[in-house]
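> The structure follows.
Here's what the structure looks like:
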C-alpha cells in the first residue's frame with residue numbers, strides 16, 4: 001500500500017506555524033495585492049519592471065516568483081493581487097490571443113487584448129477575484145500600456161504602478177521621468193522604482209525583473225537583487 | 239471625489255466633468271474622459287464604482303446605436319434617458335446592481351435642449367442644472383443663485399467657471415482639470431479644458 005505524502009517545510013507542525021502567520025486563524029490566507037509592479041512608455045518603447053516576492057499574509061511563500069506573463073513575443077502581462085487568479089486568467093488571455101491570431105491572421109492589438117481580460121473580470125464581478133494587471137505591448141498604434149483590474153477598470157496611459165508598493169514607485173517614477181530618456185536611463189528608472197518601493201513596502205522584495213518592449217518584441221533586460229541594488233544606491237554608486 | 243455638472247440654456251446644454259481616475263489615494267490618470275457619446279446630439283456623463291461606470295455606459299451607448307441601426311432614426315434624449323433609467327432600475331434589485339450616477343445631456347430637434355439627472359437608485363429628473371459628487375454640495379447653491387433660463391453661452395461658461403473656482407477654493411481634493419462640452423442644434427462641440435488657474 002502506498003501512503004500519500006505531502007512535501008512540507010522543514011520544521012514541526014506547518015499548519016500551526018502558518019496559523020500564527022495569519023491574522024484571522026484558519027486556513028484562509030489574506031491577499032493584499034502584496035507586490036510592486038510598474039510599466040511606462042517612453043520614446044524607445046515600454047519598460048516593464050516587477051518585484052518577485054509572493055506573500056501569504058505575513059509569510060513569504062517565495063522570494064523568486066516571476067510576476068510577468070509572457071503572453072507572446074510582443075505582449076506582456078504583469079501580476080499583482082492573487083497569484084493564482086493572475087496566473088490563471090492571464091494564461092487564459094494568452095490562449096485567446098493565440099486563437100485571435102489564428103482566426104484573423106493578424107496579431108491582436110494591445111487594446112483588444114486588455115479588453116478581453118477586462119471582460120473576463122467583469123464576468124466574475126463581485127465574486128472575489130483579485131487581479132491588478134498591466135497589459136503592455138507594441139502594436140500598429142505603437143507602444144501601449146493598459147491597466148486592468150478585478151473591478152473591471154481598464155485604463156490606457158503612459159505610466160502605471162500597481163500593488164501595495166505602488167505609491168512608493170510612483171514617487172520615484174514621477175520625479176525621475178523624462179520623455180526623451182535614453183534606453184539606459186529608462187532601465188535605471190524602472191529598476192529604481194521597484195528597488196525603492198521594496199525598501200519601504202514589506203510585502204515587496206526579492207529581485208527586479210526588468211523587460212523592454214520594442215517595435216519588434218520584448219527582451220528581458222536583467223534580474224537584479226533589490227538588497228544589492230539598495231546597498232549600491234546607499235553607497236552613492238550609480 | 240468625482241464631479242459632474244450640467245447647465246441647460248434656451249438652445250444648448252453645457253456639461254463638464256473632472257479628469258481624474260483614482261484608485262484609493264492614487265491618481266491613476268489625469269486626463270480621463272467621463273463623457274460617453276450616445277449619438278450625434280446626446281452625451282452621457284457617468285461616475286460611480288470602478289468598472290460599473292464604463293460597463294454600464296458602454297452598454298447604453300451600444301444599445302442606443304443599435305436602435306438607430308434597426309429603426310433608421312435616433313432615440314430622442316428623453317427616450318434615451320428613460321431607457322437608461324429602466325436598465326438601472328431592472329438591475330437595482332438583482333444580484334449585480336450598478337452603482338453609477340449619471341447626467342444625460344442632449345438636443346432634440348423637436349423639443350430643444352434637455353438635461354436629465356439620474357442616480358444609482360434609478361431616480362430620473364429633468365432639470366435646468368444639475369451636479370453629482372461631493373463638489374455638488376459646494377456648487378448647487380451657486381447655480382441656484384446665478385442661473386437664469388435664458389442665459390447665453392458666455393454666461394453659462396462664466397457660471398461653470400464660478401463653480402470650478404469654488405471647488406478649487408474650498409474642496410479638499412485636488413481636481414486640476416475638467417473636460418467641457420456644449421451640445422446644440424449643430425451637435426456636440428468640444429470646448430477648452432478648464433484647468434486650475436483659469437480666470
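Protein chains in written order, with this note's numbering: chain W, 1 to 238; chain R, 239 to 437. Glycine included, each C-beta is placed from N, C-alpha and C at the ideal position.
Throw me the rounded Cβ distance for the residue 397 of chain R and residue 250 of chain R pair, which I believe falls under 8 Å.
Counted from its first residue, the second chain places residue 397 of chain R at position 159. Counted from its first residue, the second chain places residue 250 of chain R at position 12. Not confirmed; about 13 Å, so no contact.
> Does residue 151 of chain W come within less than 8 Å of chain R when only Cβ atoms are used?
Mapped onto the first chain, residue 151 of chain W falls at position 151. So yes, residue 151 of chain W belongs to the interface.
> Is the separation between the beta-carbon of residue 138 of chain W and that of residue 213 of chain W shorter than 8 Å?
Here the question's residue 138 of chain W lines up with position 138 in the first chain. Here the question's residue 213 of chain W lines up with position 213 in the first chain. The answer is yes: Cβ separation under 8 Å.
> Does DSSP classify residue 142 of chain W as helix, strand or coil?
Translated into the one-based positions of the first chain, residue 142 of chain W becomes position 142. Strand.
> For my contact list, residue 197 of chain W and residue 168 of chain W are in at a C-beta cut-off of 8 Å; report their separation, rounded to the angstrom.
Counted from its first residue, the first chain places residue 197 of chain W at position 197. Counted from its first residue, the first chain places residue 168 of chain W at position 168. Contact holds; Cβ gap of about 4 Å.
> I'd like to know if residue 167 of chain W contacts chain R, where contact means its C-beta is closer than 8 Å to some C-beta of that chain.
Along the first chain, one-based indexing puts residue 167 of chain W at 167. Chain R, which has a Cβ nearer than 8 Å to the Cβ of residue 167 of chain W, makes this yes.
> For the stretch 156–164 of chain W and the stretch 33–45 of chain W, state whether three or more C-beta atom pairs, one from each stretch, are separated by less than 8 Å.
The answer is yes - the stretch 33–45 of chain W touches the stretch 156–164 of chain W, with three or more Cβ pairs under 8 Å.
> Could you tell me which chain R residues have their CB closer than 7 Å to the CB of residue 147 of chain W, listed as they occur along the chain?
Taking the first residue of the first chain as 1, we reach residue 147 of chain W at position 147. Result: 266.
> Exposed or buried, residue 127 of chain W, counting other C-beta atoms within 10 Å across all chains shown (16 or more means buried)?
Translated into the one-based positions of the first chain, residue 127 of chain W becomes position 127. Exposed, by the Cβ-count rule.
> How far does the alpha helix (DSSP H) with residue 196 of chain W in it extend, from its first residue to its last?
As a working mapping, residue 196 of chain W is identified with position 196 in the first chain. Per DSSP, residue 196 of chain W belongs to the alpha helix (DSSP H) from 183–200.
> Give the DSSP bridge partners of residue 36 of chain W, in chain order.
If you number the first chain from 1, residue 36 of chain W lands on position 36. Answer is none; residue 36 of chain W lacks a bridge partner.
> Closer than 7 Å, Cβ to Cβ, to anything on chain R: give me those residues from the stretch 115–128 of chain W, in chain order.
Per Cβ criterion, the list reads 122, 125, 126.
> Cα separation between residue 292 of chain R and residue 264 of chain R?
Stepping through the second chain from its first residue, residue 292 of chain R is reached at position 54. Stepping through the second chain from its first residue, residue 264 of chain R is reached at position 26. Roughly 19 Å separates the two Cα atoms.
> Can you give me the Cβ contacts of residue 108 of chain W inside the same chain, cut-off strictly under 7 Å, excluding the 5 residues immediately before and after it?
Translated into the one-based positions of the first chain, residue 108 of chain W becomes position 108. Result list for residue 108 of chain W: 97, 100, 101, in chain order.
> Excluding the five sequence neighbours on either side, which residues of its own chain have a C-beta within less than 6 Å of the C-beta of residue 199 of chain W, listed in chain order?
As a position in the first chain, residue 199 of chain W is number 199, starting the count at 1. The answer, listed in chain order, is 230.
> Is the CB-CB distance between residue 60 of chain W and residue 53 of chain W below 8 Å?
Here the question's residue 60 of chain W lines up with position 60 in the first chain. Here the question's residue 53 of chain W lines up with position 53 in the first chain. Closer than 8 Å, so yes.
> Quick one: which chain R residues come within Cβ less than 9 Å of residue 42 of chain W?
On the first chain, position 42 is the one that residue 42 of chain W refers to. Correct list: empty, because the minimum Cβ distance to chain R is about 17 Å.
> Across which residues does DSSP place residue 120 of chain W in a beta bridge pair?
Along the first chain, one-based indexing puts residue 120 of chain W at 120. Looking at the DSSP assignment, residue 120 of chain W forms no beta bridge with any residue, so it has no partner.
> At the 8 Å Cβ level, is residue 154 of chain W part of the contact set with chain R, yes or no?
The sequence position of residue 154 of chain W within the first chain is 154, counting from 1. Yes, its Cβ sits closer than 8 Å to a Cβ of chain R.
> Who are the neighbours of residue 292 of chain R on chain W, taking C-beta pairs under 9 Å?
Position 54 of the second chain, counted from the start, is the residue given in the question as residue 292 of chain R. Within 9 Å Cβ-Cβ: 118, 152, 153, 154.
> What does residue 401 of chain R pair with, by DSSP beta-bridge criteria?
Along the second chain, read from residue 1 onward, the residue named residue 401 of chain R stands at position 163. Beta-bridge pairing links residue 401 of chain R to no other residue.
> Residue 346 of chain R to residue 352 of chain R, Cα distance in whole Å?
For the purposes of this step, residue 346 of chain R is taken as residue 108 along the second chain, with counting starting at 1. For the purposes of this step, residue 352 of chain R is taken as residue 114 along the second chain, with counting starting at 1. So the two alpha carbons sit approximately 8 Å from each other.
> For residue 245 of chain R, write down the residues that DSSP places opposite it in a beta bridge.
As a working note, residue 245 of chain R is residue 7 in the second chain. Looking at the DSSP assignment, residue 245 of chain R forms a beta bridge with R:252, R:367.
> Report the three-state DSSP secondary structure of residue 148 of chain W (helix, strand or coil).
Position 148 of the first chain, counted from the start, is the residue given in the question as residue 148 of chain W. Of the three classes helix, strand and coil, the one that applies to residue 148 of chain W here is strand, per DSSP.
> So, is residue 307 of chain R buried or exposed, given that buried needs 16 or more other C-beta atoms within 10 angstroms?
Along the second chain, read from residue 1 onward, the residue named residue 307 of chain R stands at position 69. By the 10 Å Cβ count, residue 307 of chain R comes out exposed.
> Starting from residue 315 of chain R, follow the alpha helix (DSSP H) in both directions and report where the run begins and ends.
In the second chain, counting from the first residue as 1, residue 315 of chain R sits at position 77. 315–330 is the extent of the alpha helix (DSSP H) around residue 315 of chain R.
> Compare the Cα-Cα distances from residue 150 of chain W to each of W:222, W:134, W:183 and report the closest residue.
On the first chain, position 150 is the one that residue 150 of chain W refers to. Of the candidates W:222, W:134, W:183, the one whose C-alpha sits nearest the C-alpha of residue 150 of chain W is W:134.
> Along chain W, in chain order, which residues have C-beta atoms closer than 7 Å to that of residue 259 of chain R?
As a position in the second chain, residue 259 of chain R is number 21, starting the count at 1. Those are 155, listed as they occur along chain W.
> At the level of alpha carbons, what is the spacing between residue 215 of chain W and residue 141 of chain W?
Start at 1 with the first residue of the first chain, and residue 215 of chain W comes out as number 215. Start at 1 with the first residue of the first chain, and residue 141 of chain W comes out as number 141. Roughly 11 Å between the two C-alpha positions.
> Taking 7 Å as the cut-off, is the beta-carbon of residue 222 of chain W closer than that to any non-hydrogen atom of the ligand GDP?
Summarising the ligand content, the structure contains no ligands, and the ligand GDP is consequently not present.
> Kindly indicate if chain R contains any beta-carbon less than 8 Å away from that of residue 170 of chain W.
Working through the first chain from its first residue, we reach residue 170 of chain W at position 170. Closer than 8 Å to some Cβ of chain R, the Cβ of residue 170 of chain W qualifies, so yes.
> Taking beta-carbon pairs under 7 Å, can you tell me which members of the stretch 323–346 of chain R lie near chain W?
If the cut-off is 7 Å between Cβ atoms, the stretch 323–346 of chain R has 334 near chain W.
> Ignore the nearest five residues each way along the sequence and tell me which others in residue 65 of chain W's own chain have a CB closer than 6 Å to its CB.
Within the first chain, residue 65 of chain W is the residue found at index 65, counting from 1. Here the set comprises 52, 54.
> Considering only the beta carbon of each residue, do residue 224 of chain W and residue 207 of chain W sit closer than 8 Å?
Stepping through the first chain from its first residue, residue 224 of chain W is reached at position 224. Stepping through the first chain from its first residue, residue 207 of chain W is reached at position 207. The answer is yes: Cβ separation under 8 Å.
> So, helix, strand or coil for residue 208 of chain W, using DSSP?
In the first chain, the residue the question calls residue 208 of chain W occupies position 208. Looking at residue 208 of chain W - three-state DSSP - the assignment turns out to be strand.
> What is the rounded straight-line gap between the Cα of residue 277 of chain R and the Cα of residue 426 of chain R?
Translated into the one-based positions of the second chain, residue 277 of chain R becomes position 39. Translated into the one-based positions of the second chain, residue 426 of chain R becomes position 188. When rounded, the distance between both Cα atoms is 9 Å.
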